[in-house]
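Each residue of the sequence shown is one higher than the one before, starting from 16 at the first, in the working numbering.
All C-beta atoms in this analysis are idealised placements derived from N, C-alpha and C, irrespective of residue type, glycine included.
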Amino acid sequence: MNAEKATSYMWLYCCGDDKPGKGTNIVLFDYHNSRAAHCVVDFLDSYQGYMHVDGYKAYEQTKATLVACLAHIRRKFIEAKGNNKKTVKADVALNLIRKLYGIEQAIKGKSVSEKFTVRQQKAKPIVDELYQWLLKHKDKIPPQMALGKAITYAINQFEKFRRYLDDGRLSIDNNRAERAIKPFVIGRKNWLFSNTCNGAHASAILYSLVETAKANDLVVHDYISTCLQHLAEQPENLEPQLPWNIKKARCR
Numbered sequence: 016m017n018a019e020k021a022t023s024y025m026w027l028y029c030c031g032d033d034k035p036g037k038g039t040n041i042v043l044f045d046y047h048n049s050r051a052a053h054c055v056v057d058f059l060d061s062y063q064g065y066m067h068v069d070g071y072k073a074y075e076q077t078k079a080t081l082v083a084c085l086a087h088i089r090r091k092f093i094e095a096k097g098n099n100k101k102t103v104k105a106d107v108a109l110n111l112i113r114k115l116y117g118i119e120q121a122i123k124g125k126s127v128s129e130k131f132t133v134r135q136q137k138a139k140p141i142v143d144e145l146y147q148w149l150l151k152h153k154d155k156i157p158p159q160m161a162l163g164k165a166i167t168y169a170i171n172q173f174e175k176f177r178r179y180l181d182d183g184r185l186s187i188d189n190n191r192a193e194r195a196i197k198p199f200v201i202g203r204k205n206w207l208f209s210n211t212c213n214g215a216h217a218s219a220i221l222y223s224l225v226e227t228a229k230a231n232d233l234v235v236h237d238y239i240s241t242c243l244q245h246l247a248e249q250p251e252n253l254e255p256q257l258p259w260n261i262k263k264a265r266c267r
């Protein structure tokens, strides 16, 4: 609230699953008073692995291999359809997208190799069909129309989107992050804003601790209490207090 002539942004980074599993689940909030590309470039520090993202151009300046989100593509076609039930062209794209999500539902919980195999056999032909449909209608729909904008967005994102077919570890969309940001959005509505930039940084740290604890199926109060006690006794030894390490220690 006290930042002069600045718009504030809370960046969000996630890894792992919505549901606690064997992997490392992290929900990390990073406050900046900017949406400039250097925020994500500096944070990732030359990371070159996969990264699920929306269509924001700043991510293209990173060294990560970007994977686009089908949910964002789908949303554009839903907006194009609006309340008009006669928009048959939008329905064609939405039906193909629905089939892709149906395949993902069927392979939920399967191994990485099984997901890859099924996607190559069943999803790839549908992805190819959707792409050909987009190309066919690209010049037929005025770009200023909602449907034209949806088609243009989809084509621009398509190369990055179809990468999910190549690795069973990847997701079809970025809904992991979309869901993870909800507690912050709800909190912002309930207790308004941080008063200062320092307060926003503190909020980012607290949100990260709490949401990561929840993502790893820990009782938040107990986890924070354990961390505080450990910090008082061994402030230089933080590794054992990472949520997944505490979880492993309890399972022994």
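Rounded to whole angstroms, the separation of the alpha carbons of N189 and A86 is 7 Å. Among the bridge pairs identified by DSSP, C29 is matched with V42. Excluding the 5 residues flanking it on each side, N40 has same chain C-beta neighbours closer than 6 Å at G31, A230, N231, in chain order.
Per DSSP, the unbroken alpha helix (DSSP H) holding V103 starts and ends at 103-121. If you draw a straight line from the Cα of A105 to the Cα of V142, it comes to about 16 Å. With a contact defined as Cβ atoms closer than 8 Å, K72 and S61 miss out at about 19 Å.
Straight-line spacing of the CA atoms in K114 and W26 works out to 32 Å.
A direct Cα-Cα distance of roughly 8 Å separates Y222 from L43. Cβ neighbours of Y146 within its own chain (closer than 7 Å, five residues either side excluded): F173.
A215 and S23 do touch by the CB rule: their CB atoms are close to 6 Å apart, below 8 Å.
As computed with DSSP, T80 is found in a beta bridge with Y65. The continuous alpha helix (DSSP H) containing L149 extends over residues 139-153. Taking each of F58, C84, A51 in turn and checking the Cα distance to H67, the smallest one comes out for C84. In the DSSP annotation of this structure, the continuous segment of the alpha helix (DSSP H) that includes G214 starts and ends at 212-230. With respect to the 8 Å criterion, P258 and Y238 are classified as neighbours on the basis of their beta carbons.
Using a Cβ distance threshold of 8 Å, M16 and F199 do not count as a contacting pair.
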